[in-house]
Amino acid sequence: MEQEQMTGASMVVQALQDQGVDVVFGYPGGAVLPIYDEVFQQNRIRHVLVRHEQGAVHAAEGYARSTGRPGVVLVTSGPGATNAVTGLTDALMDSVPIVLLSGQVPTFMIGNDAFQEADTVGITRPCTKHNWLVKETDRLASTIHEAFHVAMSGRPGPVLVDIPKDVQFASGTYIGPDAAQTGHYAPKVKGDIEVITSLAEAIESTKRPIFYTGGGVINSGDRACELLRRLVDKTGFPVTSTLMGLGAYPANGKNWLGMLGMHGLYEANLAMHDCDLMINVGARFDDRITGRVQDFSPDSVKAHVDIDPSSINKVIHVELPIIGDVAHVLEDLLKVWKSRGAKTDAPAVKEWWDQINEWRKVDCLKFEQTGSTIRPQHAIQRLEALTKDHPDRYICTEVGQHQMWAAQYMGMNDPKRWMTSGGLGTMGYGFPSSIGVQMAHPDALVINVAGEASWLMNMQEMGTAVQYRLPVKQFILNNERLGMVRQWQELLHGERYSHSWSEALPDFVKLADAFGAKGILIDNAADLDDGIKEMLAYDGPVVVDCVVEKHENCFPMIPSGEPHNKMLLGENADTGNAIKEGGAVLV
Amino acid sequence: MASYSPAITPALYQDGKSDMSPLNIKKGSSSHSAYDLRDYHEQGTERHTLALIVDNEAGVLARVIGLFSGRGYNIESLTVAEIDHTGHRSRITVVTTGTPSVIEQIKAQLGGVVPVHDVHDLTTEGVAVERELALFRVVGKGDVRVEALRLADIFRAQVVDSTLDSFVFEVTGTSHKIDAFADLMRPLGLEELARTGVVALARGEIDAESGLV
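Protein chains in written order, with the numbering used here: chain A, 26 to 612; chain B, 1019 to 1231.
Right, here's the structure in full:
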C-alpha cells in the first residue's frame, strides 16, 4: 500500500483514509467530480453535503475544535473556493486545524480565465498557514500528507491544497504518510528552561498573581489542560481566561474568576489590572483583552507562554517570554517549581483573594427578570440551569451580544466543549459549527446559542441538519436587532440606529417546519423553562425562536480605548460619554 | 457605575528602586540576547537588512511580500535569486525600516512562513557587507561627456556600453554610493537608471549552525 499506482482522485481518498479522516464536509462541482466519484465508491469516509461552502469550513471547525483532530473540507474551483475564504480566515484567526482540498481547472487552462477558474492559492495565501497548487499527480499524496502535518504542527491553522482536474484524472505513485516528506516545518515545543526557572522564582515571591489563559491551552491538548488545573490548584492562584480558552480550567473550579476582556467579569479585569505577576498561558493579548495598551496591567511582571514566536511582544512587552507548547512548558514549570520546594507567598496571596472577593461583591452579572418580556440574560441562565448537568454537552455560538452572554452565564467545565468565533467574529459561524460538532459526537447534546441575525447568515444549513438527522438545538435569542451594533450605536453614535434592525424577519417556527425540523416559539417568561425542555426532549433538529427584550445592552463592558479599571457596570451605567474621542476609532 | 478602589496599595515603584518589581525582575527587561538590551519602547525607526533562506517553490516570493504589505511593514529594497540549484533554495535579501519592536515582529512573522528556513538579521548579527549594482545610461556630447567619464573613473564605474553620444556605466557599491553617483550624473545627462537592490553577506567565518549558504 505504501507505493502504488493510482489516479490522483483515488490518491485523495486514500490519503484521507491514511490520515485517519472519518468525515469530510463538502460540496461538489465540475472541478472535483473525479474526487467525488471516488468518494462515491467507498464507505470509510463519510461525506456531509453542506448547503454553502462557508458552512463546510465552519462545520469542519466545529468538528476540529470539539475533537482536537483536523477538520477536512472538499470544494470545487472558483466560487467553491472563494466561498470558503471566510471560514479559512476564521480558522486562521482562531488557530483551528483545517485541511481544505479544492478542485482547480486543468493545468493547461490555468491563467486562461476558464469557467469557474480563480487564483485560489493567490486568494487564500493570506488566510491559510500555507497552501499548495499541485501540478503533478506524483506529488499529490506527499503534498496532502504535508498539509496535515502543517495544519496540526505548532500553532494549528488552516491549509489548502488546490488540485487541478487533470491531476485528479492522471495516474501516479501513491505514498503513505510515513514515507512522505513533510518538509522542515517543525516548530519548537520545549520552552527555555532558564526563563521557566525565572517564572518559578516569580511564582514563589508574587503577592498578586493571576493566570490569564487562552485557546492555546486547549489546542495544546488534554494534557495541557490537566497540567494547568494542577498548577492552578497547587499554587492557589486565581485564573481567568479569554473567550477562546473557556473550559481549559473548569468554570466550577474554586480559583475561577470568569472570563476577562471587553465583556469580561469585573473581578477578572480588575485582578488583571492590579496584579503583580501575570502568567499568560496560550493567549495573545488580543485588543478585546487589553483595552488601552498603555494602561494595561501597569504594575505587573508578565510571563507569556506561546508556541508562536510572533505572538510574543507583538502587543504587550513581556519580561518572561517562553516559546513552546503549553503542555511541555507547564510540565517543566511544575517540575522546576516543585524541585525548589513548591513555595508561594501564601499570606500575601490570601490577602489578594480577599481583595478579589471584595470585587466579586459587585456581582457584575446581576440582573432582574420581571414581567413577561424575557431578558436575554435570563434566557441564557435558564438554558444553563436546565442543561449544565447533561453529561455530554457542547455549546456553539454565533457572534454578538448573545455570544458574550453565553460566555458570561454558561459554565464550561471541560475543554473542547465551547465553539465560538473569537478572532474574526464571524456571524454565521455557530449553526454550521454545531453541525460539525454533532457529526463528531452523534449522541451529545449540541446547542447553538444564536442571535436571529447571525443565524440567518447560514440558515441554509437547515437542509444539512435535516438530511443527516443531526439533532442540533438552535436556541435563537430574537431581539429583531443586530444587538451589538445597536449597543455601539447607542454608546457611540447618538442613538442613531442606522440599519441595525430587520423589518422582514421570517417566522422561525414555519421556517423550521418548511425544512422538516421542529420550531418552538417562546415569547413569555412564564413559558421559558417549558420551551427549553421541549427543545431538549425533541430527537431531531430544533429551532427555538426565543423572543427577548429588544433594547438590552451587554454589560459589564470596557468601553473601547479605556483601561481595565474603567468598566461600565449594569443598567445604571452612565453610557452617555462612555467612549471618548480616540476610543471611537477603535472597533 | 461602581467606582474603582484598590484596597491593596500597589507596592511597586514605592521602594525607591524605581524599575525593580518585588519579583526581582527588571520591568521592561526581556530574554537574553544582547539585542533585547536596547530600549524596547524606542519609537525611532531603524534600517535593517534581513537575509532569508527559502525553498524556491511557486509563490514563495508572493508569501514574503504579501506578509509585508498585509501587515503594513516597509520594504526599501528586495532581491531574490536561487542560490542552490540542486537543493532549490533561494536567498531573499530585504531591507526594511521600523521601530525595534516592529523589526522583531517582522522577523518572527517571516520565521513562521512555512517555506522560510532561516531569517538572519544582518544588521544585528555581527558585521555584514552590503552591495548593490546599478546601470546608468548617460547621454551627452563634448565637455559633459568627458566629465561623466572622469567622475565614473573616480567612482570605479565600468563602462559596459558606449555609443558616440552615450555611455552605460555599471557601478557596484553601497546604496549610498549609488545614490551619490546618480546625483552627480543627473546634470550630466542621466537618462535611465536600473538598480538591483541590496545583497548582503555576513563577514568572517560562517557559523555552521546558522545554515547560511
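For each residue, glycine too, the CB sits at the ideal point set by N, CA and C.
| Item | Value |
| --- | --- |
| Minimum C-alpha distance to F1199 (chain B) - residue among B:F1185, B:T1181, B:A1175 | B:A1175 |
| Residues in the stretch 222 to 237 of chain A having any Cβ partner in chain B nearer than 8 Å | S223, E226, A227, S230, T231, K232, R233 |
| Interface residues of chain B facing S335 (chain A) [CB-CB closer than 8 Å] | Q1123, A1126, Q1127, G1129, G1130 |
| Segments of 4+ residues assigned as alpha helix (DSSP H) that fall wholly inside the stretch 1104 to 1183 of chain B | 1118 to 1129, 1161 to 1172 |
| Assumed close pair A176 (chain A), P95 (chain A) - CB separation to whole angstroms, cut-off 8 Å | 5 Å |
| CB contact below 9 Å: G1077 (chain B) versus chain A | yes |
| Residue burial classification, E477 (chain A) (beta-carbon count within 10 angstroms, cutoff 16) | buried |
| Close beta carbons around Q433 (chain A), own chain, < 6 Å, minus the five adjacent residues each side | L390 |
| Test: P1043 (chain B) CB closer than 9 Å to a CB of chain A | Here residue 1043 (chain B) is Ile; the residue named in the question, Pro, does not match the sequence. Cβ-Cβ to chain A under 9 Å: yes for I1043 (chain B). |
| C-beta atoms of V1112 (chain B) and S1095 (chain B) nearer than 9 Å | yes |
| Contacts of G1084 (chain B) in chain A (Cβ-Cβ under 8 Å) | R150, P151 |
| Continuous alpha helix (DSSP H) assignments of at least 4 residues falling wholly in the stretch 176 to 249 of chain A | 190 to 194, 218 to 230, 240 to 245 |
| Presumed contact (8 Å Cβ cut-off) between M297 (chain A) and Y237 (chain A), rounded CB distance | 7 Å |
| Proximity of L408 (chain A) and I460 (chain A) at Cβ, strictly below 9 Å | no |
| Short Cβ contact (9 Å threshold) for T1214 (chain B) with T1097 (chain B) | yes |
| Alpha helix (DSSP H) segments (min. 4 residues) lying fully within the stretch 339 to 385 of chain A | 351 to 364, 371 to 385 |
| Bounding residues of the beta strand (DSSP E) (the contiguous stretch that carries D262 (chain A)) | It should be pointed out that residue 262 (chain A) corresponds to Phe in this sequence rather than to Asp. Unbroken run through F262 (chain A): none, as it is neither H nor E. |
| Any 3 or more C-beta pairs closer than 8 Å across the stretch 504 to 516 of chain A and the stretch 543 to 553 of chain A | no |
| F310 (chain A), DSSP secondary structure in three states | coil |
| Residues bridged to S1095 (chain B) (per DSSP) | B:V1113 |
| Reference Q428 (chain A); option with closest CA among A:K154, A:G289, A:K160 | A:G289 |
| 9 Å Cβ cutoff, G147 (chain A) in contact with chain B | yes |
| Short CB-CB distance (under 9 Å) between G1088 (chain B) and chain A | yes |
| Contact under 9 Å by Cβ, K498 (chain A) with L470 (chain A) | yes |
| Per DSSP, the bridge partner or partners of V418 (chain A) | Looking at the sequence itself, residue 418 (chain A) is Arg, so the reference to Val does not match. In the DSSP output, where bridge partners are listed per residue, R418 (chain A) has A:L470. |
| Sub-9 Å separation of L285 (chain A) and A276 (chain A) beta-carbons | no |
| CA-to-CA distance, V612 (chain A) to Q129 (chain A), given in whole angstroms | 37 Å |
| Bridge partner(s) assigned by DSSP for V1189 (chain B) | B:A1152 |
| Residues that DSSP places opposite M582 (chain A) in a beta bridge | A:L593 |
| The beta strand (DSSP E) enclosing N503 (chain A), as first and last residue numbers | 498 to 503 |
| CB contact flag (T168 (chain A), A109 (chain A), <9 Å) | no |
| Integer Cβ distance of C300 (chain A) from P440 (chain A), believed to fall under 8 Å | Going by Cβ atoms, the distance from C300 (chain A) to P440 (chain A) rounds to 24 Å, so no, they are not a contact pair. |
| Endpoints, alpha helix (DSSP H) assigned at R150 (chain A) | Note, R150 (chain A): premise wrong, no alpha helix (DSSP H); not H, not E. |
| A1080 (chain B) at chain A interface by Cβ criterion, 9 Å | yes |
| Cβ contact (3+ pairs, closer than 8 Å) linking the stretch 312 to 330 of chain A and the stretch 181 to 200 of chain A | no |
| 6 Å Cβ shell around H112 (chain A) - same chain, five flanking residues per side excluded | Just to set this straight, residue 112 (chain A) is Gly in the shown sequence, not His. Counting only Cβ-Cβ distances below 6 Å, and skipping sequence neighbours, we find Q79, V82, H83. |
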